[in-house]
Amino acid sequence: MPFLDHLEELRWRLIWSLLAIAVGTLAGWFIVTRFDVLGLLIRPIRPLLGDGRLGYLSPMDPFFVTLRLTLVVGVLLALPVVIYQIWIFLAPALTKEEKRAIVPALYFGLLLFAGGMALSYFVALPLMFDFAAQFQTESLQQNIVIGPYLSVVVRTLLVFGIVFELPVVLLVLAVLRVVDSPMLKKGRRWAVVIITVVAAFVTPGDAVILTVFMMAPLLLLYEVGIAMAKMVERRRAKTEKAEKEKEPQEWAGV
Numbered sequence: 220m221p222f223l224d225h226l227e228e229l230r231w232r233l234i235w236s237l238l239a240i241a242v243g244t245l246a247g248w249f250i251v252t253r254f255d256v257l258g259l260l261i262r263p264i265r266p267l268l269g270d271g272r273l274g275y276l277s278p279m280d281p282f283f284v285t286l287r288l289t290l291v292v293g294v295l296l297a298l299p300v301v302i303y304q305i306w307i308f309l310a311p312a313l314t315k316e317e318k319r320a321i322v323p324a325l326y327f328g329l330l331l332f333a334g335g336m337a338l339s340y341f342v343a344l345p346l347m348f349d350f351a352a353q354f355q356t357e358s359l360q361q362n363i364v365i366g367p368y369l370s371v372v373v374r375t376l377l378v379f380g381i382v383f384e385l386p387v388v389l390l391v392l393a394v395l396r397v398v399d400s401p402m403l404k405k406g407r408r409w410a411v412v413i414i415t416v417v418a419a420f421v422t423p424g425d426a427v428i429l430t431v432f433m434m435a436p437l438l439l440l441y442e443v444g445i446a447m448a449k450m451v452e453r454r455r456a457k458t459e460k461a462e463k464e465k466e467p468q469e470w471a472g473v
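Residue numbers (my numbering): 220 to 473.
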């Protein structure tokens, strides 16, 4: 495809992605205003609240909080469509074997994203809030407002979902022959350092316990990525062996 045709194709993929986000945002407004989405996000810290509600400082905070939640929900709803548009744009450049390996990885990635958010919501956030509430109780009074709280919760949920995509990233790189399982095994020490830095960077600066909590599943997911790279290499070896065995038969037929 000529370069200008690539740009035209990219333009349409971006348009469809933006339309999906717009539709998702409209649906998100309905979901946020009709259902207690904010109440679900407050649930991890509710046992530590007196009346179960958070405060706000500006009269417009409830409205802007609703807008922020609407945008987040809209992007999450549009995410499958956006991923599909990215796939349509990239698929023509991949071989049949690469497509067979990457397509299941995309579905697996969605499950990992949901699993990361679930781990953050049900385990990491309550653990972090309970840990932080035990300090300076004699001198400080808890007055949590919705703005900073929502930033911490949404950021933590999204970060856990994104970093749980590590096995999928390693799988795609293995399919594209960028990395292989021996390289990943040899780089375990560097992986520990990088995972530590990433966990410290993406988690809130005052949540050391959350940083440590994120490192453990990431190290496990790195090992899962190595296993998936091995699986790709075994399948590739079988395919190449079958092709080599087929070539003499074809020549014999000629």
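From the three backbone atoms N, C-alpha and C, an ideal C-beta is built for every residue, glycine too. Being a predicted model, the structure only gives us computed values, none of them experimental.
query = Under the three-state reduction of DSSP, which class applies to V397: helix, strand or coil?
reply = Position 178 of the sequence shown holds residue 397. Coil.
message = Just verifying my parser: in three-state terms, what is the DSSP assignment at G366?
response = As a working mapping, residue 366 is identified with position 147 in the sequence shown. The three-state reading of DSSP puts G366 in helix, counting H, G and I together.
key: Chain-order list of residues whose beta-carbon lies under 7 Å from that of S400 (same chain, five-residue window excluded)   = Counting from 1 along the sequence shown, the entry for residue 400 is found at position 181. If we look at S400 and ignore the five residues flanking it on each side, its Cβ neighbours are I445, A448, K449, E452.
message = Looking at the secondary structure, which residues open and close the alpha helix (DSSP H) in which A352 lies?
response = Residue 352 sits at position 133 when you count from the first residue of the sequence shown. No alpha helix (DSSP H) contains A352, which DSSP labels as neither H nor E.
Simplified DSSP state of G274, which is helix, strand or coil = For the purposes of this step, residue 274 is taken as the residue at position 55 of the sequence shown. DSSP places G274 in strand when its eight states are reduced to three.
query = Would you call the CB atoms of L290 and T356 closer than 8 Å?
reply = Numbered from its first residue, the sequence shown carries residue 290 at position 71. Numbered from its first residue, the sequence shown carries residue 356 at position 137. Result no, Cβ atoms of L290 and T356 do not sit closer than 8 Å.
query = Under the three-state reduction of DSSP, which class applies to L233: helix, strand or coil?
reply = Reading the sequence shown from its first residue, position 14 is the one you call residue 233. Taken through DSSP and simplified to helix, strand or coil, L233 comes out as helix.
message = At the level of alpha carbons, what is the spacing between L233 and Q304?
response = Numbered from its first residue, the sequence shown carries residue 233 at position 14. Numbered from its first residue, the sequence shown carries residue 304 at position 85. One Cα belongs to L233, the other to Q304, and the distance between them is close to 8 Å.
message = Taking contact to mean 3 or more Cβ pairs, one atom from each stretch, closer than 8 Å, check whether the segment 305–316 and the segment 366–377 are in contact.
response = Under the Cβ criterion (8 Å, minimum of three pairs), the segment 305–316 does not count as touching the segment 366–377.
message = Taking the straight line between their C-alpha atoms, what separation do you get for L276 and I261?
response = Residue mapping note: residue 276 aligns to position 57 of the sequence shown, counting from 1. Residue mapping note: residue 261 aligns to position 42 of the sequence shown, counting from 1. In this structure, the CA atom of L276 is about 17 Å from the CA atom of I261.
ask   = Quick check: the segment 279–287 against the segment 328–340, are there 3 or more CB pairs under 8 Å?
value = The segment 279–287 is not in contact with the segment 328–340.
query = So what's L474 in DSSP terms, helix, strand or just coil?
reply = Past the boundaries of the shown model lies residue 474; the chain is included only from 220 to 473, so the question cannot be answered.
ask   = Assuming V292 and I250 make a contact with CB atoms under 8 Å, what is their CB distance in whole Å?
value = For the purposes of this step, residue 292 is taken as residue 73 along the sequence shown, with counting starting at 1. For the purposes of this step, residue 250 is taken as residue 31 along the sequence shown, with counting starting at 1. Rounded, the Cβ-Cβ distance is 6 Å, consistent with contact.
Contacts around L390, its chain only, beta-carbon distance under 6 Å, and the 5 residues preceding and following it disregarded = In the sequence shown, residue 390 corresponds to position 171, counting from 1. Apart from sequence neighbours up to five positions away, the residues of its chain that approach L390 with a beta-carbon distance below 6 Å are A324, M447, ordered along the chain.
task = Verify whether the separation of the beta carbon atoms of G274 and V382 is less than 8 Å.
result = Stepping through the sequence shown from its first residue, residue 274 is reached at position 55. Stepping through the sequence shown from its first residue, residue 382 is reached at position 163. It is not a contact, given that the beta carbons lie outside the stated cut-off.
Through-space distance from E442 to E316, alpha-carbon basis = Translated into the one-based positions of the sequence shown, residue 316 becomes position 97. Translated into the one-based positions of the sequence shown, residue 442 becomes position 223. Cα to Cα, E316 sits roughly 23 Å from E442.
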